[in-house]
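The structure appears right after this line, and notes come after that.
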Amino acid sequence: MAIGRIDAFQVRSAKGYQQRWGRSFEQAIVELGFVTERALLLDLAQYLGVPCIRVEARTIPKEALRTLPEKLIRARRVIPLAITGDERQGPLVVAMRDPRDLAALDDVRFAAGLPVQPVLASEKEIDQAIEAHFGKPASAPEQPRSVA
939 MAIGRIDAFQ VRSAKGYQQR WGRSFEQAIV ELGFVTERAL LLDLAQYLGV
989 PCIRVEARTI PKEALRTLPE KLIRARRVIP LAITGDERQG PLVVAMRDPR
1039 DLAALDDVRF AAGLPVQPVL ASEKEIDQAI EAHFGKPASA PEQPRSVA
C-alpha cells in the first residue's frame, strides 16, 4: 500500500499530524504531501479488492440517483452511480470514500432495497457529484443574537 511509498520519518510525522488534527492516517499522508490522493486511492482499492473510479468522468443516471434519499446520500457521503443487472435486483453501484464502512453499506442496502457494490472514489469528487446533482446543502437558519 502507500506505506511502501513513504519512509519511517514520514510515517511518524503523519501519525503526529493525525493525532493533532484528528485526521485519518490516509488523510494525513495526503495533506502532508507525502503521496497523492490518486496514488493512495489506487493502492487502497487494490488492497481492498474493489474498483477505484473517477466520479467526475461519469454520467450518473437519474434512476440510480433516485434509489437513495438525498438525506442519506449527504449524511453518508455516498453517490449511487448505476444499477447493474436487473433494475429491481441490482446490484446498486455506490461510490464511497471508505468501502470498509459497514454501517454506511447497511444503510444504503436497506434504503435502496438492493444489494450494493461499493467502489472507491475521492471524497472531493463524491462531494462535487452530490453538489452537482442536489445543490449545496441548505445551511441552518441563522440564530438571532441576544443583546447583553
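Taking the numbering used here, the leading residue of the sequence shown gets 939, the next gets one more, and so forth. Just so it is clear, CB atoms sit at the ideal spot from N, CA and C, and this is done for glycine as well.
Those residues which DSSP pairs with residue i across a bridge
i	result
Q1055	V1031
P1018	V1032
D1024	G1028
Element boundaries [alpha helix (DSSP H), containing residue i]
i	result
A1002	1000-1003
V968	963-969
P975	The question names Pro, yet the displayed sequence has Glu at residue 975. Where E975 is concerned, the enclosing alpha helix (DSSP H) stretches over 975-986.
V949	946-959
Burial state of residue i, where buried means 16 or more other Cβ atoms lie within 10 Å
i	result
L1040	exposed
A1067	buried
G987	exposed
G960	exposed
E964	buried
F1106	With the chain covering 939 to 1086 only, the question about residue 1106 has no answer from this structure.
Member of the options whose CA lies at the smallest distance from the CA of residue i
i	options	result
P1037	E1061, L1052, A1049	E1061
G1028	R976, L1010, A1002, I1017	A1002
E1069	C990, R1026, K1009, G1051	K1009
Nearest-angstrom beta carbon gap, residue j and residue i [assumed within contact, 8 Å]
i	j	result
L1030	T1005	6 Å
V1057	R1047	The pair is not a contact, with the Cβ atoms about 15 Å apart (cut-off 8 Å).
V968	I1064	Wrong, their Cβ atoms sit about 15 Å apart, outside the cutoff.
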